[in-house]
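Before any comments, here is the structure.
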Amino acid sequence: NARIGIGAVVLNGAVVEEGAQVGAGALVPPGKVIPAGWLVMGVPAKPVRQMSAEELEDIRRNAREYVDLWRRDYGAR
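Count the sequence shown with our numbering and you get residues 2 to 78, in order.
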């Protein structure tokens, strides 16, 4: 589970590890690894800070909500 902000671009070969967050509008260049649990921002994306336990849980909760919405709207087709 990770969060990619609106308008962010993750290029070929880049890796966004578990619990990482790419800020809106950020550019993750080819081959860049975004470490688990870190927030990155900017062009090019650079580590800003480690995410708190509450923020990491929010990413997991948000992912579950999106899956539930998909199942509700498309899963029965």
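Where is the CB? At the ideal position from N, CA and C, for every residue including glycine. Note that the structure is predicted; figures quoted are calculated from it, not measured.
- The Cβ atoms of V44 and A27 sit closer than 8 Å to each other.
- A check of alpha carbon separations from V34 across A46, G24 and A25 identifies A46 as the nearest.
- Rounded to the nearest angstrom, the gap between the Cα atoms of L40 and W71 is 26 Å.
- Within the DSSP secondary-structure output, W39 pairs in a beta bridge with Q51.
- According to the DSSP secondary-structure assignment, I5 is paired through a beta bridge with V23.
- Here N2 has E19, G20, I60, R61 and A64 as same chain residues with Cβ atoms under 7 Å from its own Cβ, once five neighbours each way along the sequence are excluded.
- Under DSSP, V16 takes part in a beta bridge, and its partners are V34.
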